[in-house]
Amino acid sequence: MARVVVDVMLKPEILDPQGQAVQRALPRLGFEGISDVRQGKRFELEVDGPVDEAALARIHDLAESFLANTVIEDFTVRVEEAAEVAGAVK
Amino acid sequence: MTARIGVVTFPGSLDDRDTQRAIRVAGAEPVALWHKDKDLKQVDAVVLCGGFSYGDYLRAGAIARFSPVMDTLIDQAKAGLPVLGICNGFQILTEAHLLPGGMLGNDHLHFICRDQKLRVENAGTAWTSDYSAGQEIHIPLKNMDGRYVADPRTLDELEAEGRVAFRYLDVNPNGSLNDIAGITNAAGNVVGLMPHPEHAVEPLIGTGRTDGLPFFTSILKKLVNA
Chain A
1096 MARVVVDVML
1106 KPEILDPQGQ
1116 AVQRALPRLG
1126 FEGISDVRQG
1136 KRFELEVDGP
1146 VDEAALARIH
1156 DLAESFLANT
1166 VIEDFTVRVE
1176 EAAEVAGAVK
Chain B
3 MTARIGVVTF
13 PGSLDDRDTQ
23 RAIRVAGAEP
33 VALWHKDKDL
43 KQVDAVVLCG
53 GFSYGDYLRA
63 GAIARFSPVM
73 DTLIDQAKAG
83 LPVLGICNGF
93 QILTEAHLLP
103 GGMLGNDHLH
113 FICRDQKLRV
123 ENAGTAWTSD
133 YSAGQEIHIP
143 LKNMDGRYVA
153 DPRTLDELEA
163 EGRVAFRYLD
173 VNPNGSLNDI
183 AGITNAAGNV
193 VGLMPHPEHA
203 VEPLIGTGRT
213 DGLPFFTSIL
223 KKLVNA
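One line per chain: the protein sequences are A and B, in this order.
When we follow my numbering, the leftmost residue of the first sequence carries the number 1096, and every step to the right adds one.
When we follow my numbering, the leftmost residue of the second sequence carries the number 3, and every step to the right adds one.
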């Protein structure tokens, strides 16, 4: 079994009030030097069988039609390596 | 014979009964439609009502947009079936790409509930012909994700073609670009807006005015005279 990660972010030109609220809270918490925060979504898809080109193409279609609304959001699709997955379980 | 206007209920819809009532008050016959049903029961028009279909999970309207009923509705809307999307219904219409642009969280991050002043910018659609262009109306607004966004080219196109159907007056309640409260497709049969006309059809409730009623009388006249 392999994991494919889809990251979805608002397009850069679209205002992200949640990210701004997080950014504005940082100085109060003693975090300096962060000039901007943007908040997105991460989807972890556990894929049965091999993650070959065909499987990735299908996931790309899924991300484009459903996980992201490409009118307002950009997305990336990547395969997470086995070591990373094991690390995440720890 | 009067017009039959469908109202779709999704899991999490809130205003389906109010919308059916508004349709009845206007003199048409409301028909309940179910999200799992591909059959539109041969209605003459459809309203997608307000609420929080699927809990607004993923994005407001994103999961409802893939309901069986939407397969049929998208095809028929493209063929000219009049469709009105109110609040969550507007969000579903943008997710279905029947209307351009998208809906995001209010810029102030709070739920909003207020009587909102609007200007009717386009009185030529299937749902607005009983208004006059430039008319100012008050109807309730209640939402979390009411910020209308679109890329600059789409905005220019909407403005140039008169497809901004409603604009917020006095205050922009959610950060919508160009104060946009509602838009129409090019054909004028598909209209979406965030405020709730179905909550302003009787003097006893809501704003005390009936400024929302013309939505429903507009479509009734169009269908009966067709």
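In this text, a Cβ means the ideal position worked out from N, Cα and C, and glycines have one as well.
Per-residue DSSP class, three states only, for residue i
i, result
"residue 137(B)", "coil"
"residue 142(B)", "strand"
"residue 32(B)", "strand"
"residue 1166(A)", "coil"
"residue 211(B)", "coil"
"residue 1134(A)", "coil"
"residue 196(B)", "coil"
"residue 1139(A)", "strand"
"residue 1186(A)", "Nothing about residue 1186(A) can be read from this structure; chain A reaches only from 1096 to 1185."
"residue 55(B)", "helix"
"residue 1102(A)", "strand"
"residue 218(B)", "helix"
"residue 1114(A)", "helix"
"residue 119(B)", "strand"
"residue 1161(A)", "helix"
"residue 47(B)", "strand"
"residue 94(B)", "helix"
"residue 19(B)", "helix"
"residue 186(B)", "strand"
"residue 223(B)", "helix"
"residue 11(B)", "strand"
"residue 106(B)", "strand"
"residue 88(B)", "strand"
"residue 113(B)", "coil"
"residue 203(B)", "coil"
"residue 1152(A)", "helix"
"residue 68(B)", "helix"
"residue 1097(A)", "strand"
"residue 149(B)", "strand"
"residue 167(B)", "strand"
"residue 61(B)", "coil"
Close Cβ partners of residue i (< 7 Å) along its chain, the five nearest in sequence each way excluded
i, result
"residue 39(B)", "70, 71"
"residue 179(B)", "150, 151, 152, 157"
"residue 172(B)", "119"
"residue 1097(A)", "1142, 1146, 1174"
"residue 106(B)", "147, 149, 151"
"residue 1149(A)", "none"
"residue 1118(A)", "1129, 1131, 1132"
"residue 1109(A)", "1167"
Residue i and residue j closer than 8 Å at C-beta
i, j, result
"residue 118(B)", "residue 142(B)", "yes"
"residue 1174(A)", "residue 1146(A)", "yes"
"residue 145(B)", "residue 185(B)", "no"
"residue 1100(A)", "residue 1162(A)", "no"
"residue 83(B)", "residue 1112(A)", "no"
"residue 28(B)", "residue 206(B)", "no"
"residue 2(B)", "residue 109(B)", "Past the boundaries of the shown model lies residue 2(B); chain B is included only from 3 to 228, so the question cannot be answered."
"residue 164(B)", "residue 1164(A)", "no"
"residue 67(B)", "residue 94(B)", "yes"
"residue 148(B)", "residue 175(B)", "yes"
"residue 46(B)", "residue 6(B)", "yes"
Cβ distance (whole Å) where residue i is taken to contact residue j below 8 Å
i, j, result
"residue 139(B)", "residue 122(B)", "6 Å"
"residue 191(B)", "residue 49(B)", "In fact, because the Cβ distance is near 13 Å, the residues do not count as touching under 8 Å."
"residue 226(B)", "residue 4(B)", "7 Å"
"residue 1114(A)", "residue 1133(A)", "4 Å"
"residue 65(B)", "residue 98(B)", "Actually they do not touch by this definition, with Cβ atoms about 12 Å apart."
"residue 188(B)", "residue 170(B)", "With a Cβ gap of about 23 Å, residue 188(B) and residue 170(B) do not count as contacting."
"residue 1105(A)", "residue 1135(A)", "7 Å"
Residues near residue i in its chain [Cβ-Cβ closer than 8 Å; skip 5 each side]
i, result
"residue 34(B)", "8, 9, 11, 18, 22"
"residue 1121(A)", "1127, 1129, 1132"
"residue 224(B)", "84, 128, 131"
"residue 74(B)", "40, 41, 42"
"residue 212(B)", "202, 203, 204, 205"
Nonlocal neighbours in the same chain, by C-beta distance under 6 Å from residue i, ignoring five residues either side
i, result
"residue 79(B)", "85, 100, 192"
"residue 1185(A)", "Bear in mind that the predicted position of residue 1185(A) carries a pLDDT of just 45, short of 50, making it unreliable; the figure below should be weighed with that in mind. Nothing meets the Cβ criterion."
"residue 1176(A)", "none"
"residue 31(B)", "4, 6"
* How do the region 124–135 of chain B and the region 213–226 of chain B stand: do at least 3 beta-carbon pairs fall below 8 Å, yes or no? -> yes
* the region 184–202 of chain B touching the region 85–96 of chain B, judged by at least three CB pairs closer than 8 Å -> yes
* On the three-pair Cβ rule with 8 Å, is the region 46–62 of chain B touching the region 9–25 of chain B? -> Cβ pair count under 8 Å is three or more, so yes.
* Does the region 1164–1177 of chain A touch the region 15–34 of chain B, meaning 3 or more C-beta pairs lie closer than 8 Å? -> As far as the Cβ criterion goes, the region 15–34 of chain B does not touch the region 1164–1177 of chain A, which means the pair count is below three.
* Asked: Using 8 Å as the threshold, is the region 1151–1159 of chain A in touch with the region 1120–1131 of chain A, meaning 3 or more CB pairs across them?
  -> no
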